Structure formats: C-alpha cells, structure tokens
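Shown next, in structure tokens, is the structure this report addresses.
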Amino acid sequence: MLAHPKLIKRVPVQEVMEFPFDGIEAIYYQNTKKDTDFFISYAVHHDLLITCGSDFHGDHEGDERHGHVGCMSMPEEYLEKFLKKYNCNKK
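Just so you know, we're using our numbering here: the sequence shown kicks off at 2 and counts up by one.
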C-alpha cells in the first residue's frame, strides 16, 4: 500500500504511484476533497485497492501532525474489495 500519497514532496507523486502497489491510502485525514477524489479516481482506473487512514501514532497530547482513531471512514465497497483480495472474509 502506498500510504498518504498527499505527503510525498521530494519527487512527483505520479512517479511514485507508478510503482507496483496493491493499493493507495486514497482517503486520508489531511487530504482535501480534491485530493481524495483524485486518488480514488486513480485507484479505480488502475484497479488498485483503496484504503483509509488517520495516521494515528498513539495518544500524544498536543500532536497535530497525526489524526485520531475513528476520525476517518470509507465506503463499505472499498473494504469489501480489500477483504476479498486478502481472503480475510474466509472462515
């Protein structure tokens, strides 16, 4: 998975996204709606998984660089595709 592509600054994000990832963290708490729409569209067009993240790194008081658990959500269809890909729904 390519985590938080919005934060990639040293090289063009398009170049990084050409590597063979299974998916993209398209829904990210620092994304604008435009960012999220772009990354989702890219993932759909390239048949990549879509993930969602808050970048939670623990409960650190005053930490504004990271999100909080539960502050993000994504459509169930993306989760179902993820689970199917990794056979997580088998019993």
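Just so it is clear, CB atoms sit at the ideal spot from N, CA and C, and this is done for glycine as well. It should be emphasised that the depicted structure is a prediction, and the values quoted were computed from it without experimental measurement.
If you follow the beta strand (DSSP E) that glutamate 16 is in, where does it begin and where does it stop?
Locating residue 16 in the sequence shown gives position 15, where the first residue counts as 1. Premise fails: glutamate 16 lies in the alpha helix (DSSP H), 14 to 18, not in any beta strand (DSSP E).
Can you list, in chain order, the residues of its chain with a C-beta nearer than 8 Å to that of leucine 50? Leave out the 5 residues immediately preceding and following it.
On the sequence shown, residue 50 is found 49 positions in, with the first residue counted as 1. Hits under 8 Å: Met2, Asp23, Gly24, Ile25, Ala44, Tyr79, Lys82, Phe83 and Lys86.
From what residue to what residue does the alpha helix (DSSP H) around tyrosine 30 run?
Within the sequence shown, residue 30 is the residue found at index 29, counting from 1. Tyrosine 30 -> no alpha helix (DSSP H), and no H or E assigned at all.
What number of angstroms, rounded off, separates the C-alpha of threonine 52 from the C-alpha of proline 76?
Stepping through the sequence shown from its first residue, residue 52 is reached at position 51. Stepping through the sequence shown from its first residue, residue 76 is reached at position 75. Going from the Cα of threonine 52 to the Cα of proline 76 covers about 10 Å.
Kindly identify the DSSP beta-bridge partner or partners of leucine 3.
As a working mapping, residue 3 is identified with position 2 in the sequence shown. DSSP, once it has assigned bridges, lists Ile25 as partnering leucine 3.
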